[in-house]
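S.K.:
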DNA sequence: AAAAAATTGGGGGTATCCCCCCATATACGA
DNA sequence: TCGTATATGGGGGGATACCCCCAATTTTTT
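Protein chains in written order, with our numbering: chain A, 17 to 235; chain B, 17 to 235.
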């Protein structure tokens, strides 16, 4: 038996979902919530396998709810539902733990499929949503490239130093690891600050991560 | 007329692609390269609209080639081709400027479609590849969550301070903006270091970005 | 071959960060 | 209601980062 909680402030829509699911023997709608806080409350005293979560909840947004749920109720999987096929909504809630994203015009067959898929631990996305995400990934790339049309080329040694900075090593430690002088590392740091147009270490790290300057290795 | 450059170290495969494209009047295969450096050389003296790039090139990898091409030859669009539907390959080359990714078992119809799509400035991915990416996004999420099972809750004020740190403000500047004492901000910094298990500002910023702690606003 | 960039290193100084100790008041949760 | 977390603030000090000046050598690019 799969316990499902519906979180949507549109009563009519919540009813619709519930009536669709009602006919399925293996599924039980254990509750309905109209806002974020009541979802959290409900989960504290009930077992829920799948949370059908509207992204655009009033008050506490769906994103925050999702974050909270995946952090504190690990046995509950979130399947996001939204009226909008907006790239920002999709990526945002996926980055906060949702296992799937479907649109409100989804038919009953696809709804069941999505629920089963998410329930089995896999992720599910409507085809339209998938398209949107792929486009979004590209847009994000080109947009970030436009904002900083050409950031100066970072040399091999500077890249090394930057990588070690991101690993929280101090200048002295970096010097030791690279077998060069403290002063040399300071030179590289200084050049990095100038090239990346950063004021301090924080900016160095942020810009490096935003522009994917340091290939991350597995550790 | 669309100029296409094929970069693949497997001669037989490059021949196959070329022979498929030869029959299309609007397409002209202007060259074939067997390794990365020769691609760069070729682009320096030729106009190429689309680069069909094998991800797994010997010597200079396809990822590096792609990075170089999108950085320095902005009029050339990269369509990645690979034998492997590997999530790491796909995301890596997409993050380095490729506009599309297709597999080597792609048929001629889909090949033309991919070329046209990329040529028009949109991105193209085989269905299989799309599935792989979506799964990968999820995996990446759950994996990163496992590595740091539960990082302590960051309070509202700490989040504010952390956000300003990432914007490269100094402790004194943060104190001024929040109308609190320098010492208070230092307390928050100190608590953040302890909670996030970081050694210094670099770690603070890296961990914040890795865990998506600071909602980025548009500027 | 000449110019530019990268790599190396130093002196000296200030700003900032990070650390230890401490305290008070408020708010939140068990 | 009683602890824990949060937010506030202070003294003092050592470590680190950042800044200015500078220069020699090597590598890369033009």
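From the three backbone atoms N, C-alpha and C, an ideal C-beta is built for every residue, glycine too.
#1: I'd like the list of long-range same chain contacts for residue 47 (chain B), defined as Cβ closer than 7 angstroms, with 5 residues on each side in sequence excluded.
#2: To which residues of the same chain is residue 174 (chain B) closer than 7 angstroms at the C-beta, ignoring the five residues directly before and after it?
#3: Tell me whether residue 28 (chain A) is buried or exposed, calling it buried when 16 or more other Cβ atoms sit within 10 Å of its Cβ.
#4: According to the neighbour-count rule (16 or more other Cβ atoms, all chains shown, within 10 Å of its Cβ), is residue 100 (chain B) buried or exposed?
#5: Quick one, which residues of the stretch 215-229 of chain B are near chain A if we go by CB-CB under 7 angstroms, in chain order?
#6: Using the Cα positions of residue 33 (chain A) and residue 103 (chain B), report the straight-line distance between them to the nearest angstrom.
#7: Taking only the alpha-carbon atoms, compute the straight-line gap between residue 17 (chain A) and residue 220 (chain B) and give it to the nearest angstrom.
#8: How would you label residue 90 (chain A), buried or exposed, when you count the other beta carbons within 10 angstroms and need 16 or more for buried?
#9: Residue ranges of each beta strand (DSSP E) run of no fewer than 3 residues wholly in the stretch 96-133 of chain B, ordered along the chain?
#10: Just to confirm before moving on: does the CB-CB distance between residue 93 (chain A) and residue 65 (chain A) stay below 8 angstroms?
#11: DSSP three-state call for residue 51 (chain A): helix, strand or coil?
#12: Using the rule of at least 16 other Cβ atoms within 10 Å of the residue's Cβ for burial, across every protein chain shown, is residue 248 (chain B) buried or exposed?
#13: Taking the C-alpha atoms as reference points, what is the distance between residue 143 (chain B) and residue 79 (chain B)?
#14: Less than 7 angstroms between C-beta atoms, sequence neighbours within five positions excluded: which residues of the same chain meet that for residue 224 (chain A)?
#15: Are there 16 or more other CB atoms within 10 angstroms of the CB of residue 169 (chain A), so buried, or fewer, so exposed?
#16: Name the DSSP bridge partner or partners of residue 44 (chain A)?
#17: Note down, in chain order, each residue of its chain lying with its Cβ closer than 6 angstroms to the Cβ of residue 86 (chain B), except the 5 sequence neighbours on either side.
#18: Which chain A residues are close to residue 181 (chain B), counting only those with a beta carbon under 7 angstroms from its beta carbon?
#19: So, helix, strand or coil for residue 31 (chain A), using DSSP?
#20: Among A:88, A:122 and A:146, which has the Cα closest to the Cα of residue 105 (chain A)?
#21: Considering only C-alpha positions, which residue in the set B:38, B:188 and B:83 is nearest to residue 53 (chain B)?
#22: Report the residue from B:19, B:24 and B:51 whose alpha carbon sits nearest the alpha carbon of residue 37 (chain B).
#23: Kindly indicate which three-state DSSP category residue 69 (chain B) falls into: helix, strand or coil?
#24: Under three-state DSSP, which class holds residue 13 (chain A)?
#25: Measuring only between beta-carbons, confirm whether residue 184 (chain A) sits less than 8 angstroms from chain B.
#26: Quick one, which of B:148, B:197 and B:216 has its alpha-carbon nearest residue 107 (chain B)'s?
#27: With a cut-off of 8 angstroms on the beta carbons, I'd call residue 237 (chain A) and residue 95 (chain A) a contact; round off their distance for me.
#28: How is the alpha helix (DSSP H) around residue 206 (chain B) delimited, first residue to last?
#29: Would you give the residue range spanned by the alpha helix (DSSP H) that residue 186 (chain A) belongs to?
#30: What would DSSP say about residue 195 (chain A), mapped onto helix, strand or coil?
#31: When you check each C-beta in the stretch 100-113 of chain A against every C-beta of chain B, which residues fall closer than 8 angstroms?
M.R.: Reading it off the structure:
#1: Counting from 1 along the second chain, the entry for residue 47 (chain B) is found at position 31. Excluding positions up to five away in sequence, the list reads 21, 58 and 62.
#2: Along the second chain, read from residue 1 onward, the residue named residue 174 (chain B) stands at position 158. If we look at residue 174 (chain B) and ignore the five residues flanking it on each side, its Cβ neighbours are 204, 207 and 208.
#3: Residue 28 (chain A) sits at position 12 when you count from the first residue of the first chain. With fewer than 16 other Cβ atoms from the protein chains shown falling within 10 Å of its own Cβ, residue 28 (chain A) counts as exposed.
#4: Start at 1 with the first residue of the second chain, and residue 100 (chain B) comes out as number 84. By the neighbour-count rule (16 or more Cβ atoms within 10 Å), residue 100 (chain B) is not buried but exposed.
#5: 215, 216, 217, 218, 219, 221, 222, 225 and 228
#6: Position 17 of the first chain holds residue 33 (chain A). Position 87 of the second chain holds residue 103 (chain B). Each residue's alpha carbon lies about 34 angstroms from the other.
#7: For the purposes of this step, residue 17 (chain A) is identified with residue 1 of the first chain, where counting begins at 1. For the purposes of this step, residue 220 (chain B) is identified with residue 204 of the second chain, where counting begins at 1. If I take the Cα positions, the gap works out to 44 angstroms.
#8: Taking the first residue of the first chain as position 1, residue 90 (chain A) is located at position 74. By the neighbour-count rule (16 or more Cβ atoms within 10 Å), residue 90 (chain A) is not buried but exposed.
#9: 116-119
#10: By one-based count along the first chain, residue 93 (chain A) stands at place 77. By one-based count along the first chain, residue 65 (chain A) stands at place 49. Result yes, Cβ atoms of residue 93 (chain A) and residue 65 (chain A) sit closer than 8 angstroms.
#11: Sequence index remark: in the first chain, residue 51 (chain A) carries index 35 (1-based). Correct three-state label for residue 51 (chain A): coil.
#12: With chain B running from 17 to 235 in the structure shown, residue 248 (chain B) is simply not present.
#13: Along the second chain, one-based indexing puts residue 143 (chain B) at 127. Along the second chain, one-based indexing puts residue 79 (chain B) at 63. For residue 143 (chain B) and residue 79 (chain B), the distance between alpha carbons rounds to 21 angstroms.
#14: By 1-based counting over the first chain, the position of residue 224 (chain A) is 208. For residue 224 (chain A), where only same-chain residues beyond five positions count, the Cβ hits under 7 angstroms are 178, 182 and 230.
#15: Locating residue 169 (chain A) in the first chain gives position 153, where the first residue counts as 1. By the 10 Å Cβ count, residue 169 (chain A) comes out exposed.
#16: Against the first chain, residue 44 (chain A) aligns to sequence position 28. DSSP lists A:19 as partners of residue 44 (chain A).
#17: Indexing the second chain from 1 puts residue 86 (chain B) at position 70. So the qualifying residues of the chain are 113.
#18: Position 165 of the second chain holds residue 181 (chain B). Proximity of chain A to residue 181 (chain B) at the Cβ level (cut-off 7 angstroms) is accounted for by 218, in chain order.
#19: The count along the first chain starts at 1 and reaches residue 31 (chain A) at position 15. Looking at residue 31 (chain A) - three-state DSSP - the assignment turns out to be helix.
#20: Taking the first chain and counting its residues from 1, one reaches residue 105 (chain A) at position 89. Closest in C-alpha terms to residue 105 (chain A), from the list A:88, A:122 and A:146, comes A:146.
#21: Here residue 53 (chain B) corresponds to residue number 37 of the second chain, with the count starting at 1. Comparing Cα-Cα distances from residue 53 (chain B) to each of B:38, B:188 and B:83, the minimum goes to B:83.
#22: In the second chain, the residue the question calls residue 37 (chain B) occupies position 21. Taking only the C-alpha atoms, the option nearest residue 37 (chain B) is B:19.
#23: On the second chain, position 53 is the one that residue 69 (chain B) refers to. Strand, per DSSP.
#24: Nothing about residue 13 (chain A) can be reported from this structure: the residues present for chain A run from 17 to 235 only.
#25: Indexing the first chain from 1 puts residue 184 (chain A) at position 168. True, the Cβ-Cβ gap to chain B drops below 8 angstroms.
#26: Start at 1 with the first residue of the second chain, and residue 107 (chain B) comes out as number 91. In terms of CA proximity to residue 107 (chain B), B:148 leads the group B:148, B:197 and B:216.
#27: Outside the shown range of chain A (17 to 235) lies residue 237 (chain A), about which nothing can therefore be said.
#28: If you number the second chain from 1, residue 206 (chain B) lands on position 190. Going by DSSP, residue 206 (chain B) is part of the alpha helix (DSSP H) stretching over 198-212.
#29: Taking the first residue of the first chain as position 1, residue 186 (chain A) is located at position 170. In the DSSP assignment, residue 186 (chain A) falls outside any alpha helix (DSSP H) and carries neither an H nor an E.
#30: Translated into the one-based positions of the first chain, residue 195 (chain A) becomes position 179. Coil.
#31: If the cut-off is 8 angstroms between Cβ atoms, the stretch 100-113 of chain A has 110, 111, 112 and 113 near chain B.
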